[in-house]
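Data first, discussion second: the structure below is written as structure tokens.
There are 2 protein chains.
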Amino acid sequence: MSVSIYDIAKKAGVSPSTVSRALEDHPRIGATTRKRIQELAREMDYVPSTVAKSLAANKTWTIGMVLATISDPFMGRVIEGVEQAAIEAGFNVFISTSQNDRQREIAAIKMLQKRRVDGIIVIASHLFDQYPRFFGHSKVPIVIINEQEPWETMHFVTVDDVHAAQSAVEHLLASGHRRIGYVGITNRPKSNQYRLRGYQDALEAVGIAPDPALIFTSHTIEDHAKVGEASLKPLLACGATAVFCFNDTTAIGLLSACYKRGLSVPDKFSIIGFDDIDMAAYTIPPLTTIRQPRFELGQRAMHMMLALLAGQKPENQIVPGELVVRQTTARLLPGNNRAAAG
Amino acid sequence: MSVSIYDIAKKAGVSPSTVSRALEDHPRIGATTRKRIQELAREMDYVPSTVAKSLAANKTWTIGMVLATISDPFMGRVIEGVEQAAIEAGFNVFISTSQNDRQREIAAIKMLQKRRVDGIIVIASHLFDQYPRFFGHSKVPIVIINEQEPWETMHFVTVDDVHAAQSAVEHLLASGHRRIGYVGITNRPKSNQYRLRGYQDALEAVGIAPDPALIFTSHTIEDHAKVGEASLKPLLACGATAVFCFNDTTAIGLLSACYKRGLSVPDKFSIIGFDDIDMAAYTIPPLTTIRQPRFELGQRAMHMMLALLAGQKPENQIVPGELVVRQTTARLLPGNNRAAAG
DNA sequence: TTGTATGCGTTATCAA
DNA sequence: TTGATAACGCATACAA
Numbered sequence: 000m001s002v003s004i005y006d007i008a009k010k011a012g013v014s015p016s017t018v019s020r021a022l023e024d025h026p027r028i029g030a031t032t033r034k035r036i037q038e039l040a041r042e043m044d045y046v047p048s049t050v051a052k053s054l055a056a057n058k059t060w061t062i063g064m065v066l067a068t069i070s071d072p073f074m075g076r077v078i079e080g081v082e083q084a085a086i087e088a089g090f091n092v093f094i095s096t097s098q099n100d101r102q103r104e105i106a107a108i109k110m111l112q113k114r115r116v117d118g119i120i121v122i123a124s125h126l127f128d129q130y131p132r133f134f135g136h137s138k139v140p141i142v143i144i145n146e147q148e149p150w151e152t153m154h155f156v157t158v159d160d161v162h163a164a165q166s167a168v169e170h171l172l173a174s175g176h177r178r179i180g181y182v183g184i185t186n187r188p189k190s191n192q193y194r195l196r197g198y199q200d201a202l203e204a205v206g207i208a209p210d211p212a213l214i215f216t217s218h219t220i221e222d223h224a225k226v227g228e229a230s231l232k233p234l235l236a237c238g239a240t241a242v243f244c245f246n247d248t249t250a251i252g253l254l255s256a257c258y259k260r261g262l263s264v265p266d267k268f269s270i271i272g273f274d275d276i277d278m279a280a281y282t283i284p285p286l287t288t289i290r291q292p293r294f295e296l297g298q299r300a301m302h303m304m305l306a307l308l309a310g311q312k313p314e315n316q317i318v319p320g321e322l323v324v325r326q327t328t329a330r331l332l333p334g335n336n337r338a339a340a341g
Numbered sequence: 000m001s002v003s004i005y006d007i008a009k010k011a012g013v014s015p016s017t018v019s020r021a022l023e024d025h026p027r028i029g030a031t032t033r034k035r036i037q038e039l040a041r042e043m044d045y046v047p048s049t050v051a052k053s054l055a056a057n058k059t060w061t062i063g064m065v066l067a068t069i070s071d072p073f074m075g076r077v078i079e080g081v082e083q084a085a086i087e088a089g090f091n092v093f094i095s096t097s098q099n100d101r102q103r104e105i106a107a108i109k110m111l112q113k114r115r116v117d118g119i120i121v122i123a124s125h126l127f128d129q130y131p132r133f134f135g136h137s138k139v140p141i142v143i144i145n146e147q148e149p150w151e152t153m154h155f156v157t158v159d160d161v162h163a164a165q166s167a168v169e170h171l172l173a174s175g176h177r178r179i180g181y182v183g184i185t186n187r188p189k190s191n192q193y194r195l196r197g198y199q200d201a202l203e204a205v206g207i208a209p210d211p212a213l214i215f216t217s218h219t220i221e222d223h224a225k226v227g228e229a230s231l232k233p234l235l236a237c238g239a240t241a242v243f244c245f246n247d248t249t250a251i252g253l254l255s256a257c258y259k260r261g262l263s264v265p266d267k268f269s270i271i272g273f274d275d276i277d278m279a280a281y282t283i284p285p286l287t288t289i290r291q292p293r294f295e296l297g298q299r300a301m302h303m304m305l306a307l308l309a310g311q312k313p314e315n316q317i318v319p320g321e322l323v324v325r326q327t328t329a330r331l332l333p334g335n336n337r338a339a340a341g
């Protein structure tokens with residue numbers, strides 16, 4: 000057991016409540032007593048117990064965060080954005096990963112409930128549809144990152160997936176590409192769906208009917224880079240000259256496959272990713288992508304959470320993605336469609 | 000306020016302790032009562048409070064983890080290893096980042112102390128020297144990842160930095176390189192020091208006196224990839240034909256600089272990294288590196304923590320790194336020293 | 001087998 | 001300005 004306000008009170012010859020007030024800089028306390036107690040507390044290495052405080056206050060100053068995996072290079076900055084905003088407001092973040100497993104995610108949610116977190120921020124969930132069931136009667140605010148579901152009890156901040164994806168494909172179209180592929184992934188169903196829609200919208204806007212053969216998705220591969228890798232062959236087979244990838248990791252896998260096959264990027268084949276992870280500027284050649292404001296996304300989610308905790312009714316937020324043109328995309332050269340298909 | 004055992008007790012017409020026992024599958028409880036209470040609890044959406052439990056038990060089932068940044072691609076799997084082992088033992092992990100800032104790290108430690116975590120796992124700290132001061136009198140076990148300090152109160156599990164670095168350089172030597180550079184970083188002083196020593200040891204073992212000019216470190220750049228990028232010019236200037244980098248991120252920065260300069264890797268210049276992050280297999284060309292068992296490192300740290308919590312006296316652990324030869328290293332071709340220097 | 005009482009560390013209400 | 005007391009939710013020692 001560590002030293003408590005009782006120990007200090009005893010040593011100081013005052014009551015525990017006096018100690019409590021002195022330590023909290025409570026107004027109703029004598030300046031002399033306050034100083035004396037504070038010094039004594041320091042001497043005795045007193046460390047206040049958040050546990051006890053939480054029980055009494057019915058508040059834990061903790062925001063739970065559930066996400067699929069920390070290894071995803073997209074996540075780090077988002078988490079740090081959440082943490083930054085949390086710290087500034089006197090909160091801390093309790094992170095739990097689902098590892099893309101529904102049971103684990105359920106366990107994570109239950110854990111956070113038991114720990115009485117004040118709010119929950121969710122990203123890359125595998126069971127959004129179950130959230131109302133879990134949180135329907137609880138008053139714990141929920142903020143979701145990168146989803147746009149219209150549930151009443153759930154609020155969100157998201158990148159504008161559809162339009163961002165659209166602008167990625169428009170960039171490819173503007174470079175003369177017509178056979179444009181999409182590499183999707185299955186373990187982020189919602190985001191994948193939005194980005195696919197943006198892809199289709201962009202195509203249809205210029206009168207190109209989306210060709211299912213150009214849409215690659217693997218239901219057997221979980222690893223994003225490997226999905227990108229596996230997509231090259233089939234995409235080439237149906238004449239793609241450019242590809243929009245679900246994210247940068249996928250794009251890097253695809254880029255790597257091109258390298259191994261001796262297919263020159265961007266001369267013969269254009270690739271555009273999504274996220275703008277740290278590595279994107281260092282691939283060879285540097286990756287053209289859609290930048291998500293990752294840190295800001297996290298910050299905004301936390302700010303929205305704080306507003307909810309303050310009883311406010313914040314607006315859901317949709318922030319734009321930004322096209323970052325680097326060197327994996329280029330103008331389609333005449334004859335390249337065939338060269339690529341060969 | 001959520002529903003408590005008192006609410007259930009009232010509704011069931013029994014005492015709170017009976018409810019407590021029923022819910023805990025305590026031996027001293029009637030099977031009928033147990034079942035009835037458990038069903039009632041479910042109906043009432045009862046969620047036990049870890050906060051209250053923690054206060055009563057003087058135990059939080061929480062391991063605090065302090066690290067520099069989650070964005071470092073090295074960290075993700077380590078954290079997940081810790082989390083995995085923690086979950087299996089009924090614990091959860093409370094992560095806090097220092098963002099390479101000493102004040103932030105101190106704040107993180109204090110936060111964890113206030114929250115009464117049962118143990119602390121540290122990685123990439125900026126103030127190891129202060130840990131005894133913070134934790135000297137506290138009984139909270141500390142496990143450090145990737146440090147090898149001989150403090151009594153602190154235990155560690157680490158990759159064998161020195162020997163792993165040595166084998167990296169030996170690989171370069173075996174390929175005929177003699178002018179081998181080292182790219183170090185400053186915000187992981189300890190690891191950097193160990194790896195640098197391994198580098199020097201390997202050189203000296205074959206009778207090469209380490210040349211300070213071949214050791215690149217930037218005190219102004221924090222970003223690892225940028226350090227690697229900035230190192231190319233000076234390293235080339237002093238005739239390096241191969242470089243051992245502090246980590247893969249650094250190596251990727253260097254690789255990118257080579258690409259921009261038109262310097263062919265590995266034909267004209269060899270690069271070896273450290274960590275084997277997920278991206279390492281997908282760089283162009285794929286990166287030769289030293290593999291750290293990241294997930295395992297995390298798992299081991301947590302297992303050591305569990306042993307400490309069980310009152311045992313576990314041995315510190317040093318696990319080997321493993322050379323992974325991919326394609327950024329090659330035999331030194333005659334004449335290349337000059338070509339590289341030019 | 002079940003109930004009663006107490007403690008865990010803190011804050012807040014009320015009284016002095 | 002300070003002190004006594006209750007409350008937060010749970011587990012447990014002890015009593016019935």
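In order, the protein sequences belong to chains A and B.
Numbering-wise, numbering that gives the first Met the number 0 puts 184 at position 185 of the first sequence, and it's gapless, one number per residue.
Numbering-wise, numbering that gives the first Met the number 0 puts 76 at position 77 of the second sequence, and it's gapless, one number per residue.
Note that the Cβ used here is the ideal one computed from N, Cα and C, for glycine as well.
As the structure is a prediction and not an experimental result, all values here were calculated from the model.
From A:V226, A:D71, A:D100 and A:S48, pick the residue whose C-alpha is nearest to that of L126 (chain A); which is it? A:D100
Neighbour list for A224 (chain A) in chain B, Cβ cutoff strictly below 9 Å: D277, M278, A280 and Y281
Any heavy atom of the ligand ADP inside 7 Å of the beta-carbon of R33 (chain A)? Ligands displayed in this structure: none; no statement on the ligand ADP is therefore possible.
Relative to chain B, which residues along the stretch 112–130 of chain A have a C-beta separation below 7 Å, given in chain order? Q112, K113, R114 and R115
D75 (chain A) touches chain B at which residues, Cβ-Cβ below 9 Å? It is Gly, not Asp, that sits at residue 75 (chain A) in the sequence shown. Within 9 Å Cβ-Cβ: T68, I69, S70, D71, P72, M74 and G75.
Looking at the C-beta of G252 (chain B), does it have a partner C-beta in chain A at a distance below 8 Å? yes
If you check the beta carbons only, do G252 (chain B) and Y281 (chain A) fall under 8 Å apart? yes
Pick helix, strand or coil for E221 (chain B), following the three-state DSSP scheme. coil
From I4 (chain B) to L307 (chain B), what distance separates their C-alpha atoms? 33 Å
Which one of A:H136, A:H176, A:T96 and A:G118 has the shortest CA to CA distance from H154 (chain A)? A:G118
Take F93 (chain A) and list the residues in its own chain whose beta-carbon comes closer than 8 Å to its own, dropping the five residues that flank it on each side. T61, I62, G63, M64, L111, R114 and V116
Got a sec, what are the start and stop residues for the beta strand (DSSP E) C244 (chain A) sits in? A241 to C244
Comparing the C-beta of A340 (chain A) with each C-beta of chain B, is any distance below 8 Å? Confidence at A340 (chain A) is low in this model, with a pLDDT of 38, below 50, so the placement of that residue is unreliable and no value is reported for it.
At 8 Å on the CB atoms, spell out the chain B contacts of Y258 (chain A), in chain order. I283 and P284
Taking a contact to mean a Cβ-Cβ separation below 8 Å, would you say T288 (chain A) touches D277 (chain A) in this structure? no
Using a Cβ cut-off of 8 Å, which residues of the stretch 301–322 of chain B contact any Cβ in chain A, in chain order? none
Within 8 Å of any Cβ in chain A, is that where the Cβ of F93 (chain B) sits? yes
Using three-state DSSP, classify I143 (chain B) as helix, strand or coil. strand
Taking only beta carbons into account, state which residues of the stretch 26–56 of chain B come closer than 8 Å to chain A, listed in chain order. D44, V46, P47, S48, T49, V50, A51, S53 and L54
DSSP on N91 (chain A), reduced to helix/strand/coil? strand
Extent of the continuous alpha helix (DSSP H) to which G297 (chain B) belongs: R293 to L308
Inter-stretch contact (C-beta, 8 Å, three-pair minimum) for the stretch 306–326 of chain A and the stretch 300–315 of chain B: no
At which residues does the alpha helix (DSSP H) containing Y193 (chain B) begin and terminate? P188 to A204
When the Cα atoms are used, what is the spatial distance from H302 (chain B) to V142 (chain B)? 10 Å
Taking the alpha-carbon of H176 (chain A) as reference, which of A:G261, A:T216, A:P284 and A:D266 has the nearest alpha-carbon? A:D266
Measure the C-alpha to C-alpha separation of P140 (chain B) and R299 (chain B) and round it to an integer number of angstroms. 15 Å
Completely contained beta strand (DSSP E) runs for the stretch 98–160 of chain A, where each covers 3 or more residues: 118–122, 141–144 and 153–158
Would G12 (chain B) be called buried (16 or more neighbouring beta carbons within 10 Å of its own) or exposed? exposed
Could you name the residues of chain B that E79 (chain A) contacts, counting a contact when the two beta carbons are closer than 8 Å? T68, I69, S70, T96 and Q98
Thinking C-alpha only, which one of A:L235, A:F245, A:I144 and A:T249 is nearest G261 (chain A)? A:L235
Taking its Cβ as the centre, do 16 or more other Cβ atoms sit within 10 Å of R20 (chain A), making it buried, or is it exposed? buried
Report yes or no: do three or more beta-carbon pairs, one from the stretch 45–56 of chain A and one from the stretch 65–83 of chain B, lie closer than 8 Å? no
Proximal chain B residues relative to E82 (chain A), where beta-carbon distance stays under 7 Å: T96
Reduced DSSP secondary structure (H/G/I, E/B, other) of V46 (chain A): coil
Report yes or no: is there a C-beta of chain A within less than 8 Å of the C-beta of R337 (chain B)? Summary for R337 (chain B): the model assigns pLDDT 43, below 50, so the residue's position carries little reliability; its value from the coordinates is reported in the next sentence. R337 (chain B) does not count as touching chain A.
With G63 (chain A) as the anchor, note down where its beta strand (DSSP E) starts and where it stops. T61 to L66
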